[in-house]
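Novice:
Protein chains: 2
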Amino acid sequence: MPDSQIKQATLRDVADMAGVSYQTVWRVVNEHPHVAVDTRERVLQAVRVLDYRPHRAAQVLTTGRSYILQLVIFEYAYGDPLPAILHWAREFGYTMVVTELKDATSTEAVRATLRETAQMIDGLLMVMPYPHLSYEALAELCQGRPFVVVNTELGAKMPSVVFDQRHGTRQAVEHLVALGHRLIAEISGPLDNCDAQARHETWMSMAERYGLDARLSVAGDFETCSGYGAAKRLLGLGQPFTAVLVGNDLMALGALRAFDEAGLRVPEDISVVGYDDVDVAAYLSPPLTTVRQEFDILGRESVEYLVSLIEDARTPIQQRVLYPELIVRQSTRSLNASPVGV
Amino acid sequence: MPDSQIKQATLRDVADMAGVSYQTVWRVVNEHPHVAVDTRERVLQAVRVLDYRPHRAAQVLTTGRSYILQLVIFEYAYGDPLPAILHWAREFGYTMVVTELKDATSTEAVRATLRETAQMIDGLLMVMPYPHLSYEALAELCQGRPFVVVNTELGAKMPSVVFDQRHGTRQAVEHLVALGHRLIAEISGPLDNCDAQARHETWMSMAERYGLDARLSVAGDFETCSGYGAAKRLLGLGQPFTAVLVGNDLMALGALRAFDEAGLRVPEDISVVGYDDVDVAAYLSPPLTTVRQEFDILGRESVEYLVSLIEDARTPIQQRVLYPELIVRQSTRSLNASPVGV
DNA sequence: TGCCGCATTGTGAGCGCTCACATCGCGATG
DNA sequence: CATCGCGATGTGAGCGCTCACAATGCGGCA
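So the sequences go chain by chain: G and E. So the first sequence is numbered by numbering that gives the first Met the number 0: it starts at 0 and just counts up by one. So the second sequence is numbered by numbering that gives the first Met the number 0: it starts at 0 and just counts up by one.
In structure tokens form, the structure reads like this:
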């Protein structure tokens, strides 16, 4: 490892080389008017030769703008929107700092994390499905820096971009009902998670509307293995059911495994609907009927909104709502087998 | 959105409040000796009241140290080591900037990306399974900043942390051979990827050792759907085989689907071995025999090594090699069915 | 009593960039 | 010909922190 950093050229180095003042160089670099054509040429030449580029830290110090955003990811919400967010941040000219936050429930832990990078960043993107912090609390934690919450409660009065979980779940239940299912079970996600909560509540209200048994519900934690365990518990209840609505695809995958072990076929014996449409969903056996969330669009909207909050003070506080879409594959089928269970 | 950032207290604000010079405050904050006990107390009191914290950008400007690392992720290598790297970076007191790089083959694109953050970061972690850049080329691109390459060729003479793909593949093939398989096919990853390449080469040399047919090999691109397609192609070859070695778990999942559609049972008709041991592997039907790579350890070693390169100039250039482990589940079984194919 | 040493505290310069303002020169105008 | 306007360029201060060095004060020792 060459242990000496290569010394970067500064504004003054360029100025010396071009035989002008550093201010003139600054004007050229920042494309300000009132620079003679030949002067500009000489300066640009020097910039090229010295491979000059402005020192970001110095710019931050003087302007207060860093063109760095921070993505704070809370447990469980991992992974999915990240690639899209990285992509779009770059697209909008921002660098992304990514922070994982295990203990999302401790306000002090959040505060400590945000403090570390506080003066370095222009805004925050919080993937925070735990609706335990009010707008005011978040604003205080973010110390007045703009922020956008990704995936929080529908109707939360804060800058946010969300999927309408109700819409997705409604489609899924109606799909099952249209196929003739009336004994529909649910494997929900962790109910302190607002997505899981919204999906669960919608399922309950749909259950009421269609006269389904709303007690046929167990909770997992969104991980594959919890879906496996939840399906086992569901089977152990001794209640008959012909379809299962699962809180996300990973748990659905675990549930498929549990049904397989129990000698139950999907979709012949049980129809299964997932949520998310993760990459592998289409290649499970059987390919999973699920609710697709377009994370790329979520990512783009989130970054775009945050950037406009940063760059234009008139940007209003709003919630941008995206609508998921039911993708019907082969894990659901019209009811023709007898119910399993007792 | 409150549009005025909350003005941060500076060293001077604290100094004024405590009635000392900014230098004294600096000494207290940076825990230097030679400060009278009562002075220190007054200063700390003021620090607390004003919620002072040093301005990172100013520190970067004066010290040249930012305590920010950059993670550069090239296509395909997505996802897996990221959580561990984020976790350990934080653990070591560093903030992580994450950059995705689509076009890894263009040196100019890499250079442009690295330029953006060049003066802001202390070192780079490159998850770069394309061994197209020499140590010298990388050092030049990184402009003398320390870097560690995660997951490159075994034996590459550069600061790096890698899994021994040969070891993993050897275990997998020997497992199949021990079960009696001699007609073993391969679905490899994309061969410009050094992991895929190493696994493929090892498979070929193992094929030679055990007298297997090394032509029974098709390539995918590590994505689920390509595993599905590759398995179809394999079946279309008309050559009998009793086991498949797959380049990663996602493709194995796709292959399982293809076999299912072709009416072939796993493991009764075909044994399948994956690679990676992703979370869902244990819950597929059947649970997948695979080679586990401990990404958490990879992440920790990478960050730890990079940090020591940054903080201790005497740290030698080395390659840290980790060994993957075969996890036997139910997708492989002793040969007792007749070969499929023609 | 004078001087040294050391603990304690303060000063000044500078990192590289930004920005308000000052200066200079030249052609146009009354 | 004095004056104005404005294009082109330069100066100075300051962002907040770091660090080398200077200054102050007090006890101890010859």
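We put the beta carbon where it would ideally sit given N, CA and C, even for glycine. Being a predicted model, the structure only gives us computed values, none of them experimental.
Nearest CA to the CA of Val46 of chain E: which residue from E:Asp12, E:Ala257, E:Glu139, E:Gln170?
Specialist: E:Asp12
Novice: Is the CB-CB distance between Asp248 of chain E and Ile326 of chain E below 7 Å?
Specialist: no
Novice: Can you tell me which of E:Val302, E:Phe294, E:Arg144, E:Arg181 puts its alpha carbon nearest to the alpha carbon of Leu343 of chain E?
Specialist: Examination of residue 343 of chain E is not possible in this model, given that chain E is present from 0 through 341 alone.
Novice: Between the beta-carbon of Thr241 of chain G and the beta-carbon of Leu334 of chain G, is there less than 7 Å?
Specialist: yes
Novice: Counting only beta-carbon separations shorter than 7 Å, does Tyr51 of chain E have a partner in chain G?
Specialist: no
Novice: Would you tell me roughly how many angstroms separate the C-alpha atoms of Ala177 of chain G and His199 of chain G, rounded to the nearest one?
Specialist: Each residue's Cα considered, the two are about 20 Å apart.
Novice: Using a Cβ-Cβ cut-off of less than 7 Å, give me the residues of the stretch 306 to 325 of chain E that come near chain G, in sequence order.
Specialist: Leu308, Ala312, Ile316
Novice: If you follow the alpha helix (DSSP H) that Ile296 of chain E is in, where does it begin and where does it stop?
Specialist: 294 to 310
Novice: Quick check on the DSSP output: the alpha helix (DSSP H) that includes Ala197 of chain E runs from which residue to which?
Specialist: 193 to 209
Novice: Tell me, please, which residues DSSP counts as bridged to Gln69 of chain G.
Specialist: G:Val96, G:Leu123
Novice: Mind checking if Tyr282 of chain G is an interface residue toward chain E, Cβ cutoff 7 Å exclusive?
Specialist: yes
Novice: Under a Cβ-count criterion, where at least 16 other Cβ atoms within 10 Å of its own Cβ denotes burial, should Gln22 of chain E be classed as buried or exposed?
Specialist: exposed
Novice: Counting along the chain, where does the alpha helix (DSSP H) carrying Thr62 of chain G start and finish?
Specialist: Bounds of the alpha helix (DSSP H) holding Thr62 of chain G are 55 to 62.
Novice: Kindly say whether Tyr227 of chain E, judged by its beta-carbon, lies nearer than 7 Å to any beta-carbon of chain G.
Specialist: yes
Novice: So what's Phe240 of chain G in DSSP terms, helix, strand or just coil?
Specialist: In the three-state DSSP reduction, Phe240 of chain G falls in the strand class (E or B).
Novice: What first and last residue would you give for the alpha helix (DSSP H) that runs through Thr168 of chain G?
Specialist: 164 to 177
Novice: In the DSSP assignment, what residue or residues form a beta bridge with Ile348 of chain E?
Specialist: With chain E covering only 0 through 341, there is no way to say anything about residue 348 of chain E.
Novice: Have a look at Arg39 of chain G and Val27 of chain G and give me their C-alpha separation to the nearest angstrom.
Specialist: 6 Å
Novice: Could you pull the start and end residues of the beta strand (DSSP E) that Arg52 of chain E belongs to?
Specialist: Segment: none, Arg52 of chain E is in no beta strand (DSSP E) and carries neither H nor E.
Novice: Taking 7 Å as the threshold (beta carbon to beta carbon), is Gln118 of chain E in contact with chain G?
Specialist: Taking Cβ atoms only, chain G reaches closer than 7 Å to Gln118 of chain E, which makes this a yes.
Novice: Three-state secondary structure (DSSP) at Arg114 of chain E?
Specialist: helix
Novice: What residues of chain E sit near Leu85 of chain G, judged by a beta carbon separation below 9 Å?
Specialist: At a C-beta separation below 9 Å, Leu85 of chain G has these neighbours in chain E: Ile72, Val97, Thr98, Glu99.
Novice: Strictly below 9 Å CB to CB, what residues from chain G border Val24 of chain E?
Specialist: Within chain G, no residue comes near Val24 of chain E; the closest Cβ sits about 17 Å away, beyond 9 Å.
Novice: Give, in chain order, every residue of the stretch 249 to 276 of chain E whose Cβ lies closer than 8 Å to some Cβ of chain G.
Specialist: Leu249, Leu252, Gly253, Leu255, Arg256, Asp259
Novice: Relative to the C-alpha of Val265 of chain E, which residue among E:Val279, E:Ala281, E:Leu287 is closest?
Specialist: E:Leu287
Novice: Would you say Gly246 of chain E and Ser187 of chain E are within 7 Å of each other, going by their C-beta atoms?
Specialist: Yes, the pair counts as a contact, with Cβ atoms nearer than the cut-off.
Novice: Assign Arg181 of chain G to one of three DSSP states: helix, strand, or coil.
Specialist: coil
Novice: Which one of G:His86, G:Ala83, G:Val34, G:Gln7 has the shortest CA to CA distance from Tyr51 of chain G?
Specialist: G:Gln7
Novice: So with CB distances below 9 Å, who are the chain G contacts of Asp342 of chain E?
Specialist: Here chain E has residues from 0 to 341 only, and residue 342 of chain E is not among them.
Novice: Just checking: is the beta-carbon of Asp2 of chain G within a distance shorter than 7 Å of some beta-carbon in chain E?
Specialist: Confidence is the limiting factor: at Asp2 of chain G the pLDDT is only 40, short of 50, which leaves the residue's position unreliable and the question unanswerable from this model.
Novice: Sort E:Ile67, E:Lys231, E:Gln164, E:Met127 by Cα distance to Glu90 of chain E and report the nearest one.
Specialist: E:Ile67
Novice: Label Asp102 of chain G either buried or exposed according to how many other C-beta atoms from any shown protein chain fall within 10 Å of its C-beta, with 16 as the threshold for buried.
Specialist: So Asp102 of chain G counts as exposed.
Novice: Short of 8 Å in beta carbon distance, which residues of its chain neighbour Thr104 of chain E, apart from the five on each side in sequence? Order them along the chain.
Specialist: Tyr129, His131
Novice: At least one CB of chain G closer than 7 Å to the CB of Ala35 of chain E: is that the case?
Specialist: no
Novice: When you compare the CB of Gly340 of chain E with every CB in chain G, is at least one pair closer than 7 Å?
Specialist: Its pLDDT being 47, under 50, Gly340 of chain E is placed unreliably in this model, and the value from its coordinates should be taken loosely. Chain G contact via Cβ: absent.
Novice: So Pro189 of chain G and Phe162 of chain G are in contact, right, with Cβ under 8 Å, and what is the actual spacing, rounded?
Specialist: Not confirmed; about 17 Å, so no contact.
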